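Following: one structure in structure tokens, then a few remarks.
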Ligand SMILES: [Cu+2]
């Protein structure tokens, strides 16, 4: 009885206290699940203002880091996907490393995947659009998000595809009413069965009695299951079998040309490797939770034949840029791009080894929960981007042990 009152009160309290939800829970994953698994960079979503039926393109690159945690299943099968709140867009085309990728792909630790996804705006609204990679055994890991507003259109949404026989159909409505009514017919049979056994009968309302009976006892002496019940259940089973046979005959007659559903899985060809520019060793990182400042100390060795500069640090969905506004815009959606200060900020000569400190101050560390503050393994990982004078780029994975230095008062005992 107490539960009956308590639960609604608890529900009301939760509803009253809950604040408006931002986006779709992208901060929910543990820091290690974001930092050590996949780094997303060069993400672009455009255009950010469209009408229903218009295309929106997501481009970018992701790397499955060598630091993939041993506590997770190794990454093998995955698909790269737009992550949006429900079916508000329809995916039209997707390529990975230049090849059309209709479904899942085979991936590996250390693999770099450049993707392009074109989707059509389906529902009006303002939607947060991310690229993501769904990895079997792990779940979907998110890249940075961009807001896209979709205005209504005067023409209703269509998704035309050409079939093997040359006919063009609109997938948005194709077979829609048949699927609806056919499923409904199956549902009705189920409802009749359920009502039959629960409303006029006492099978459920007198559980105390019925649970005492052995499984195969019809208990005709107390009128639990009568020969009449057997007859009606046979009728329901018969109708179900007739529906199945009817369905098969209808399909064979109406759609004589059929092809089994296709799966197309492949391991994308690796991208052409750029020049290898640097070797990096971490000498520790600290995070100050009061000022939201991440410091990473590293030793960088230039292994190229020309001077190199450290331009960017990418961690999970965030990119920190050592450069001006233009460089920041190129790095990804502005909510997920921050400033990177490199100390000393000088080019590193060929063969030279230099100690550098990377300093980043941003709300995103807290907002996206990127920093492990109370974990059994205080590790972060990301990609360092080095540029050489010839326009070459090299992304080097860097794993650092992180020590929190200052705690918010709320964390202190
Ligand atoms: Cu989002």
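Residue numbers (this note's numbering): 2 to 414.
Beta carbons are placed, not taken as given, at the ideal position from N, Cα and C, and that holds for glycine.
Keep in mind it's a predicted model, so treat the numbers as computed, not measured.
Item                                                                                                                                      : Value
Straight-line Cα distance separating residue 42 from residue 61                                                                           : 6 angstroms
Residue 182, enclosing alpha helix (DSSP H) - first and last residue                                                                      : 177–199
Nearest neighbour of residue 327, chosen from 291, 181, 339 [CA to CA]                                                                    : 339
Nearest-angstrom Cβ-Cβ length linking residue 349 and residue 356, presumed shorter than 8 angstroms                                      : That belief does not hold up - the Cβ atoms of residue 349 and residue 356 are roughly 11 angstroms apart, past 8 angstroms.
Residues bridged to residue 148 [DSSP beta-bridge criterion]                                                                              : 129
Beta-carbon gap between residue 305 and residue 389 smaller than 8 angstroms                                                              : yes
Check: residue 129 C-beta below 7 angstroms from any heavy atom of ligand 1                                                               : yes
Beta-carbon contacts of residue 344 that lie in its chain and below 7 angstroms, excluding the five residues immediately before and after : 357, 358, 360
Coarse secondary structure for residue 337, derived from DSSP in three states                                                             : helix
Close-in-space but distant-in-sequence residues of the same chain around residue 393 (CB under 8 angstroms, 5 per side omitted)           : 275, 276, 278, 305
Beta-carbon proximity of residue 265 to residue 104, cut-off 8 angstroms                                                                  : yes
Which listed residue (398, 405, 363) has its alpha carbon closest to that of residue 377                                                  : 405
Buried/exposed call for residue 297, threshold 16 Cβ in 10 Å                                                                              : buried
Distance between beta carbons of residue 91 and residue 134, contact taken as under 8 angstroms                                           : Not quite, the Cβ-Cβ distance comes to about 20 angstroms (not below 8 angstroms), so this is no contact.
Heavy atom of ligand 1 within 7 angstroms of residue 146 beta-carbon                                                                      : yes
Per-residue DSSP class, three states only, for residue 171                                                                                : strand
DSSP state of residue 378 mapped onto helix, strand, coil                                                                                 : coil
Alpha carbon of residue 196 to alpha carbon of residue 245, nearest angstrom                                                              : 22 angstroms
Rounded separation between residue 81 and residue 32 - CA only                                                                            : 21 angstroms
Residue 67: CB within 7 angstroms of a non-hydrogen atom of ligand 1                                                                      : no
Assumed close pair residue 148, residue 86 - CB separation to whole angstroms, cut-off 8 angstroms                                        : Actually they are not in contact, since the Cβ atoms of residue 148 and residue 86 sit about 12 angstroms apart, beyond 8 angstroms.
Beta-bridge pairing of residue 291 - partner residues as DSSP gives them                                                                  : Answer by DSSP bridge pairing: none, since residue 291 is not bridged.
Ligand 1 heavy atom lying under 7 angstroms from the CB of residue 27                                                                     : yes
Enclosing beta strand (DSSP E) for residue 119 [first to last residue]                                                                    : 113–122
For residue 33, the first and last residue of its enclosing alpha helix (DSSP H)                                                          : 32–36
Limits of the unbroken beta strand (DSSP E) element including residue 47                                                                  : 39–47
Short Cβ contact (8 angstroms threshold) for residue 280 with residue 302                                                                 : yes
For residue 22, the three-state DSSP class (helix, strand or coil)                                                                        : Note that residue 22 has pLDDT 45, beneath the 50 cutoff, so the model's placement of it is unreliable and no number is given.
Residue span of the beta strand (DSSP E) that contains residue 236, given as start and end                                                : Segment 228–255 is the alpha helix (DSSP H) holding residue 236; no beta strand (DSSP E) there.
Endpoints, beta strand (DSSP E) assigned at residue 210                                                                                   : Looking at the DSSP string, residue 210 is not in any beta strand (DSSP E); the run it does join, the alpha helix (DSSP H), is 208–211.
Cβ-based neighbour list, residue 161, same chain, cut-off 8 angstroms, excluding 5 preceding and 5 following                              : 169, 170, 171, 172
Pair within 8 angstroms by beta-carbon distance, residue 373 and residue 380                                                              : yes
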